[in-house]
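Numbering (the numbering used here), first residue to last: 10 to 353.
Written out as structure tokens, the structure is:
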């Protein structure tokens with residue numbers, strides 16, 4: 010915590026605190042000065058009583074600092090693997106409201122990091138693979154300000170001669186039909202093809218990798234499924250609200266009043282965090298033609314199996330939760346939407 014506070018103090022000093030994330034909330038997000046002022050006002054409390062951070066800081070501002078990647082892995086109640094572009098930052102914010110931010114260790118790391126310290130529970134979130142790939146592409150197309158600064162230093166930022174990211178269809182086709190023969194061990198994704206992330210089974214890779222830069226030719230499907238089934242709680246992005254309810258039930262043995270899907274007023278009272286990193290686009294993955302769909306399938310064979318297994322397990326957990334608490338959480342239409350997503 011002390012190391013992290015010093016880091017944020019430095020970010021405030023150089024004016025970077027607001028740059029990594031753009032936070033879309035029900036209320037207006039603070040600008041850089043407000044964020045730094047808020048941190049300074051609560052600095053003493055953060056250090057002395059990290060579990061008693063005001064809701065104002067935990068709910069919105071603390072959520073933007075959504076990883077522990079600058080810290081050594083340490084004992085915590087919960088290990089939350091942050092799989093890129095699967096609502097990791099939003100989930101940290103909403104989960105912090107349930108359990109407290111200081112009870113969570115999270116970062117974009119390999120799952121085996123969970124063995125480097127003692128954790129009572131392990132948590133992960135899955136997303137429909139084709140939508141996951143499209144979101145990854147747009148993150149590369151619209152990199153954040155800190156990424157832009159690093160890319161500009163290397164001469165490969167958008168608008169510069171070295172930036173060669175093609176359209177989405179050509180991107181997935183190239184990776185599927187002509188994958189690179191060299192596998193990368195890099196500090197980031199800038200040195201990979203098109204200076205963008207490797208889109209081949211990103212969830213399966215992050216669950217089974219042993220080093221952040223390791224890229225095996227084939228993902229171990231059986232091992233990735235075994236790790237999935239070993240997790241304490243598996244959420245589904247397409248059922249984010251229901252996933253928060255499941256987390257509350259599994260981690261705190263309680264069900265918030267907003268978890269009754271048959272009570273519209275109560276259900277709508279839940280306003281999830283939405284941290285989108287300013288990556289906005291209108292075209293959906295399903296809008297692309299059949300040839301692009303086939304290329305997407307070629308890049309997501311393992312992740313589609315993971316997602317299908319995750320949805321199956323999630324629906325079973327919902328059934329058990331509803332029997333325990335005598336409340337309907339996963340209504341019929343949402344159940345059918347999940348089953349449809351898992352099949353496609």
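All residues carry an ideal CB built from backbone N, CA and C; glycine is no exception.
Small disclaimer: the values here were computed from a predicted structure and weren't measured.
By the three-class DSSP mapping on this structure, what secondary structure does residue i have?
i	result
residue 334	helix
residue 182	helix
residue 224	coil
residue 271	coil
residue 319	helix
residue 85	strand
residue 131	strand
residue 95	coil
residue 126	coil
residue 307	helix
residue 243	strand
residue 90	strand
residue 115	strand
residue 165	coil
residue 351	helix
residue 284	strand
residue 142	helix
residue 289	coil
residue 149	helix
residue 177	helix
residue 209	coil
residue 263	coil
residue 137	coil
Count the other C-beta atoms from every protein chain shown that fall within 10 angstroms of the C-beta of residue i, then say buried if there are 16 or more, exposed otherwise.
i	result
residue 247	buried
residue 253	buried
residue 273	exposed
residue 350	buried
residue 280	exposed
residue 103	buried
residue 94	buried
residue 227	exposed
residue 213	buried
residue 126	exposed
residue 156	buried
residue 263	exposed
residue 209	buried
residue 233	buried
residue 235	exposed
My assumption, with CB atoms under 8 Å, is that residue i sits in contact with residue j. Please give the rounded CB distance.
i	j	result
residue 76	residue 115	6 Å
residue 283	residue 276	With a Cβ gap of about 17 Å, residue 283 and residue 276 do not count as contacting.
residue 215	residue 119	6 Å
residue 146	residue 177	5 Å
May I have the straight-line CA-CA distance separating residue i from residue j, to the nearest angstrom?
i	j	result
residue 6	residue 290	Absent from the model: residue 6. The displayed extent of the chain is 10 to 353, so no value can be given.
residue 319	residue 135	7 Å
residue 300	residue 179	11 Å
residue 84	residue 296	44 Å
residue 321	residue 166	41 Å
residue 293	residue 92	20 Å
residue 133	residue 90	6 Å
residue 345	residue 250	16 Å
residue 113	residue 82	11 Å
residue 30	residue 101	Since pLDDT at residue 30 reaches only 33, below the 50 mark, its modelled position is unreliable, and the value read off the structure follows with that caveat. The straight-line gap from Cα to Cα measures roughly 13 Å.
residue 160	residue 206	13 Å
residue 105	residue 169	40 Å
residue 88	residue 175	36 Å
residue 326	residue 109	23 Å
residue 323	residue 189	35 Å
residue 348	residue 244	15 Å
residue 224	residue 173	22 Å
residue 197	residue 151	Below a pLDDT of 50, predicted positions are generally treated as unreliable, and residue 197, at 47, falls in that range; no measurement from the model is reported.
residue 332	residue 271	15 Å
residue 278	residue 338	14 Å
residue 220	residue 121	9 Å
residue 129	residue 298	45 Å
residue 342	residue 265	21 Å
residue 162	residue 336	54 Å
residue 117	residue 217	13 Å
residue 329	residue 107	20 Å
residue 353	residue 317	9 Å
residue 164	residue 86	42 Å
residue 171	residue 111	41 Å
residue 211	residue 334	35 Å
residue 255	residue 158	39 Å
Legend entry - the stretch 259-271 touching the stretch 227-240, judged by at least three CB pairs closer than 8 Å: No, they do not touch.
Inset, instruction - Report yes or no: do the stretch 305-317 and the stretch 130-144 share at least 3 C-beta pairs separated by less than 8 Å? - result: Counting C-beta pairs with one atom in each stretch, the stretch 305-317 and the stretch 130-144 have three or more that are closer than 8 Å, which means they touch.
Legend entry - the stretch 182-189 / the stretch 300-309 touching (three or more Cβ pairs under 8 Å): Taking a cut-off of 8 Å on C-beta distances, the stretch 182-189 touches the stretch 300-309, as three or more cross pairs fall below it.
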